[in-house]
Amino acid sequence: MYDAPRSTENTVSTEDIKFECTDCQVYYGDNHAIKDVSVKIEDKTVTAFIGPSGCGKSTFLRCLNRMNDTIDVARIEGSFLLDGQDIYDRKVDPVQLRAKVGMVFQKPNPFPKSIYDNIAYGPRIHGLARSKADLDEIVEKSLRRGAIWDEVKDRLHAPGTGLSGGQQQRLCIARAIATEPEVLLMDEPCSALDPIATAQVEELIDELRAQYSVVIVTHSMQQAARVSQKTAFFHLGNLVEYDETSKIFTNPEDPRTESYITGRIG
Amino acid sequence: MPLLWLFLIVLAIAAAGFVLGRGRALASAGGDARALHSLPGYYGWNVALKAMVPGFGLLIVWLLAQPLYVGSTVSSMIPDSAIKDGASRSLLMAEVRRTADGLDAAVAQDLITARDAADPDADIAALTDKLKEAGQIVTAEITQPVLTAAQRYRDLNAKGAFAMLIAVVAVALAGAFYGVNEARAEFRARNVVENGVRALLIAAASVAILTTLGIVLSLVFNTVEFFRLYPASNFFFGTSWAPSFSGRGGASDLGVLPLLWGTFYISIVALAVAVPIGLFAAIYLSEYAGPKVRAVAKPLLEVLAGIPTIVYGLFALLTVGPLLVSVFGDEGLGWMQAGTAVMTAGLVMGIMLIPFVSSLSDDIINAVPQAMRDGSYGLGATQSETIRQVVLPAALPGIVGAILLAASRAIGETMIVVLGAGAAARLSLNPFEAMTTVTAKIVSQLTGDADFASPEALVAFALGMTLFVLTLGLNVFALYIVRKYREQYE
Numbered sequence: 003m004y005d006a007p008r009s010t011e012n013t014v015s016t017e018d019i020k021f022e023c024t025d026c027q028v029y030y031g032d033n034h035a036i037k038d039v040s041v042k043i044e045d046k047t048v049t050a051f052i053g054p055s056g057c058g059k060s061t062f063l064r065c066l067n068r069m070n071d072t073i074d075v076a077r078i079e080g081s082f083l084l085d086g087q088d089i090y091d092r093k094v095d096p097v098q099l100r101a102k103v104g105m106v107f108q109k110p111n112p113f114p115k116s117i118y119d120n121i122a123y124g125p126r127i128h129g130l131a132r133s134k135a136d137l138d139e140i141v142e143k144s145l146r147r148g149a150i151w152d153e154v155k156d157r158l159h160a161p162g163t164g165l166s167g168g169q170q171q172r173l174c175i176a177r178a179i180a181t182e183p184e185v186l187l188m189d190e191p192c193s194a195l196d197p198i199a200t201a202q203v204e205e206l207i208d209e210l211r212a213q214y215s216v217v218i219v220t221h222s223m224q225q226a227a228r229v230s231q232k233t234a235f236f237h238l239g240n241l242v243e244y245d246e247t248s249k250i251f252t253n254p255e256d257p258r259t260e261s262y263i264t265g266r267i268g
Numbered sequence: 010m011p012l013l014w015l016f017l018i019v020l021a022i023a024a025a026g027f028v029l030g031r032g033r034a035l036a037s038a039g040g041d042a043r044a045l046h047s048l049p050g051y052y053g054w055n056v057a058l059k060a061m062v063p064g065f066g067l068l069i070v071w072l073l074a075q076p077l078y079v080g081s082t083v084s085s086m087i088p089d090s091a092i093k094d095g096a097s098r099s100l101l102m103a104e105v106r107r108t109a110d111g112l113d114a115a116v117a118q119d120l121i122t123a124r125d126a127a128d129p130d131a132d133i134a135a136l137t138d139k140l141k142e143a144g145q146i147v148t149a150e151i152t153q154p155v156l157t158a159a160q161r162y163r164d165l166n167a168k169g170a171f172a173m174l175i176a177v178v179a180v181a182l183a184g185a186f187y188g189v190n191e192a193r194a195e196f197r198a199r200n201v202v203e204n205g206v207r208a209l210l211i212a213a214a215s216v217a218i219l220t221t222l223g224i225v226l227s228l229v230f231n232t233v234e235f236f237r238l239y240p241a242s243n244f245f246f247g248t249s250w251a252p253s254f255s256g257r258g259g260a261s262d263l264g265v266l267p268l269l270w271g272t273f274y275i276s277i278v279a280l281a282v283a284v285p286i287g288l289f290a291a292i293y294l295s296e297y298a299g300p301k302v303r304a305v306a307k308p309l310l311e312v313l314a315g316i317p318t319i320v321y322g323l324f325a326l327l328t329v330g331p332l333l334v335s336v337f338g339d340e341g342l343g344w345m346q347a348g349t350a351v352m353t354a355g356l357v358m359g360i361m362l363i364p365f366v367s368s369l370s371d372d373i374i375n376a377v378p379q380a381m382r383d384g385s386y387g388l389g390a391t392q393s394e395t396i397r398q399v400v401l402p403a404a405l406p407g408i409v410g411a412i413l414l415a416a417s418r419a420i421g422e423t424m425i426v427v428l429g430a431g432a433a434a435r436l437s438l439n440p441f442e443a444m445t446t447v448t449a450k451i452v453s454q455l456t457g458d459a460d461f462a463s464p465e466a467l468v469a470f471a472l473g474m475t476l477f478v479l480t481l482g483l484n485v486f487a488l489y490i491v492r493k494y495r496e497q498y499e
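Chains as they are written, first to last, in this note's numbering: chain B, 3 to 268; chain E, 10 to 499.
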């Protein structure tokens with residue numbers, strides 16, 4: 003078994019680690035979906051998970067904010083430390099955790115509400131705004147950071163579902179940012195978008211790196227190479243290789259990684 | 010049962026045609042089904058359809074036309090002089106038909122011979138006695154013209170039935186023959202059968218629509234008749250409902266307002282019970298309950314919808330009414346005089362409506378995409394926050410539709426009202442008083458010896474029309490709401 007964390011220890015200083023996952027196992031019923039995965043995700047970095055379909059990268063991502071809790075048959079073992087605190091500890095409320103670890107989904111899923119209410123949803127349920135003016139400010143700031151403010155500022159009260167696919171996805175990213183998360187998980191955020199919208203979202207991800215730790219699952223190796231600093235390659239539930247993106251794409255250590263990025267497996 | 014036999018004969022011809030057509034088509038392709046245009050079965054069905062459609066079509070037309078033809082022929086036979094003063098030709102024709110039926114029954118019981126029954130010179134007095142002996146009620150002494158007409162009537166009917174047998178069988182055979190003849194490899198039997206299926210479906214849809222139309226028309230004509238006898242303004246704006254059956258005619262007060270108020274009041278109470286309970290049950294079942302609980306609880310809840318409303322009525326009369334009286338009656342708070350009240354009927358009707366609201370809402374809530382819930386959970390919302398702020402708004406149009414459908418059920422409900430709410434038409438705000446609804450009054454106006462020319466009976470049609478327009482409006486509104494807001498989520 004390839005021991006991923008050890009290989010990265012010399013390049014990462016410990017105080018920048020956001021997530022530290024050790025010996026993680028995930029079972030869906032009898033299916034062992036994630037096997038002995040250990041990974042350290044750094045703060046203020048874009049980490050990409052790549053790998054063929056069904057390799058477990060989305061499953062692992064969903065473990066990071068306990069979204070798998072909603073699936074009855076899923077069983078999770080191992081330790082997931084967020085800033086040193088085990089997120090599967092009994093004392094941790096998954097609802098609070100998800101406010102800290104935001105998530106953007108594969109398909110844009112704006113709520114059937116106005117653009118304003120979509121963004122204000124998170125701040126409202128977490129009581130982040132003291133007044134209406136405060137909320138207006140949060141909405142504007144989030145929309146600006148989501149790189150969509152200029153397109154929607156004149157129709158904040160139009161339904162969010164009326165936007166184009168790319169705009170909807172940026173709205174969903176802005177919505178996730180509005181709750182001030184520390185980590186942003188993105189599950190193939192561009193797979194339903196056209197190339198122009200994809201470019202806008204990628205640019206946005208690059209900007210988000212300044213404040214958040216971003217973890218992105220992607221099928222596109224070009225996208226992983228463009229936006230990420232660290233890349234993890236998953237194959238059949240195993241973490242095969244985890245290293246600097248430039249190293250993974252130019253000089254992978256594992257033959258399976260090389261086969262995948264050159265298109266021979268997957 | 011000659012009709013049943015005829016039916017079976019046509020079916021047998023069709024079945025034989027099926028086998029023949031199928032075999033002939035196969036033979037024309039040299040036994041290789043791949044060389045046929047359609048599957049062999051389609052050639053068989055083509056023949057069967059060509060035998061059945063004309064056969065049954067002719068049968069139906071004949072059955073409709075024969076009584077008309079026989080009736081008019083026999084009727085024109087009766088001389089005007091035979092019609093008594095004060096009697097009409099149609100009354101005499103009814104007597105002719107009764108006599109003919111009596112003769113049929115007497116022959117069937119072997120009391121008289123077929124020859125005697127058809128004998129134009131038969132002794133009328135003896136024949137009348139024999140008919141009375143046969144248990145056939147003969148109101149008056151049979152007269153000569155009536156007997157002649159009755160005999161002619163029987164004769165024509167017998168001949169008609171025989172001719173029908175021949176004609177239907179001939180048409181079915183001709184159709185089958187034509188179909189068998191068509192069964193060659195290049196014939197497009199599948200397309201013909203496809204058209205046949207389409208015609209069948211169109212016919213079924215037309216029957217439903219035409220029946221609705223017929224019901225509406227019968228309501229409209231009788232309503233117009235009612236408004237000719239009773240001023241429309243008194244009906245729509247009258248605040249008193251006091252029909253009189255003593256034959257004084259104009260002495261009745263037939264104002265619809267107390268009835269509409271009762272309908273409205275009871276429906277509101279029912280919805281106030283059904284909507285929260287049904288909606289919460291639906292939310293529990295669709296969002297919180299595990300698959301096992303759901304598999305048991307949902308069918309159990311739907312059992313409520315299968316209980317006949319008269320049973321709910323009994324429940325209202327025997328259980329809920331006395332229970333309410335013991336709390337709100339003279340021994341308790343003193344608001345309630347008797348068990349029958351708006352509250353009693355409303356509560357029980359609400360229980361009846363719970364499955365309507367919950368079942369429809371449950372389906373609608375389940376149709377909200379999981380992505381909506383994931384999005385909300387991903388932002389750190391709890392389950393109830395997600396339901397309240399994301400799932401319910403997305404499902405709202407459908408839920409409103411479900412509630413409006415339940416409302417139109419409530420408005421149309423009769424038995425619970427008859428047993429639970431009493432029969433007094435009253436304009437009152439006290440929910441513990443007896444009131445009644447439009448439907449319950451329709452029943453009471455038409456039961457017993459109703460004279461269909463009096464406004465007291467015809468008002469039932471005007472009430473029915475009012476109710477129909479109300480529920481139709483509500484249903485259209487419900488559909489409009491559902492359609493208008495449906496595109497808000499995928």
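Cβ atoms here follow ideal geometry from the backbone N, Cα and C, with glycine treated the same way.
Asked, Found
"Helix or strand or just coil, what does DSSP make of Val320(E)?", "helix"
"Buried or exposed: where does Tyr123(B) fall if 16 or more other Cβ atoms within 10 Å of its Cβ makes it buried?", "buried"
"Which residues mark the beginning and the end of the beta strand (DSSP E) in which Thr29(B) is found?", "According to the sequence as given, residue 29(B) is Tyr; it is not Thr. Run containing Tyr29(B): 19-30, per the beta strand (DSSP E) assignment."
"For Val357(E), which of helix, strand or coil comes out of DSSP?", "helix"
"For a contact meaning CB atoms closer than 9 Å, what does Phe113(B) contact in chain E?", "Met381, Gly384, Ser385, Gln398, Val399, Pro402, Ala403, Tyr498"
"Beta-carbon within less than 7 Å of Pro254(B)'s beta-carbon, same chain only, minus the 5 sequence neighbours each way: which residues are those?", "Glu243, Glu260, Ile263"
"Thinking C-beta only, is Thr49(B) closer than 8 Å to Lys232(B)?", "yes"
"Just the C-alpha distance for Ala241(E) and Leu332(E), rounded to the nearest angstrom, thanks.", "41 Å"
"Taking Cβ positions, are Arg382(E) and Val400(E) nearer each other than 8 Å?", "yes"
"Alpha carbon to alpha carbon, what distance is there between Trp151(B) and Glu139(B)?", "12 Å"
"Distance check for Phe236(B) and Ser40(B), CA to CA, integer angstroms please.", "12 Å"
"Starting from the Cα of Glu246(B), find the closest Cα among Arg258(B), Ala227(B), Leu238(B), Lys46(B) and give me that residue.", "Ala227(B)"
"Compare the Cα-Cα distances from Arg64(B) to each of Asp38(B), Gly31(B), Gln108(B) and report the closest residue.", "Gln108(B)"
"Taking contact to mean at least 3 C-beta pairs separated by less than 8 Å, is the segment 205-223 of chain E in contact with the segment 44-51 of chain E?", "no"
"Is Glu195(E) helix, strand or coil by DSSP?", "coil"
"Does the beta-carbon of Gly162(B), which I'm using as the reference point, lie nearer than 7 Å to any heavy atom of the ligand GDP?", "Absent from the structure shown: the ligand GDP. Ligands present: none."
"The beta strand (DSSP E) spanning Ser40(B) covers which residue range?", "33-44"
"Which one or two residues does DSSP pair with Asn240(B) in a beta bridge?", "His237(B)"
"Step through the CB atoms of chain B and report whether any lies within less than 8 Å of the CB of Leu294(E).", "no"
"Please report the distance separating the alpha-carbon of Glu204(B) from that of Arg43(E).", "58 Å"
"Express the C-alpha separation of Met102(E) and Lys141(E) in angstroms, rounding to a whole number.", "20 Å"
"Are the C-beta atoms of Gln169(B) and some chain E residue less than 8 Å apart?", "no"
"Ala298(E) CB to nearest chain B CB: under 8 Å?", "no"
"Let me know if Ser15(B) comes out buried or exposed under the rule of 16 or more other beta-carbons within 10 Å of its beta-carbon.", "Any answer about Ser15(B) is weak, because its pLDDT of 49 lies below 50 and its placement is not dependable; what the coordinates show is given next. Exposed, by the Cβ-count rule."
"With H, G and I counted as helix, E and B as strand and the rest as coil, what does DSSP make of Pro161(B)?", "strand"
"Using three-state DSSP, classify Leu483(E) as helix, strand or coil.", "helix"
"Taking its Cβ as the centre, do 16 or more other Cβ atoms sit within 10 Å of Ala466(E), making it buried, or is it exposed?", "buried"
"Determine the closest residue to Asn33(B) out of Gly58(B), Asp45(B), Phe51(B), with distance taken between C-alpha atoms.", "Gly58(B)"
"Exposed or buried, Asn200(E), counting other C-beta atoms within 10 Å across all chains shown (16 or more means buried)?", "exposed"
"Given a threshold of 16 other Cβ atoms within 10 Å of its Cβ, counted over all protein chains shown, does Asp189(B) qualify as buried or as exposed?", "buried"
"Any idea if Leu73(E) is buried or exposed, counting beta-carbon neighbours within 10 angstroms, 16 or more meaning buried?", "exposed"
"Within 10 Å of its beta-carbon, does Gln202(B) have 16 or more other beta-carbons around it, so buried, or fewer, so exposed?", "buried"
"Which one or two residues does DSSP pair with Arg77(B) in a beta bridge?", "Tyr29(B)"
"Exposed or buried, Glu422(E), counting other C-beta atoms within 10 Å across all chains shown (16 or more means buried)?", "buried"
"Do the segment 315-330 of chain E and the segment 412-430 of chain E meet, that is, are 3 or more Cβ pairs less than 8 Å apart?", "yes"
"Among residues of its own chain, excluding the 5 on either side of Met173(E), which ones have a beta-carbon nearer than 6 Å to its beta-carbon?", "Trp71"
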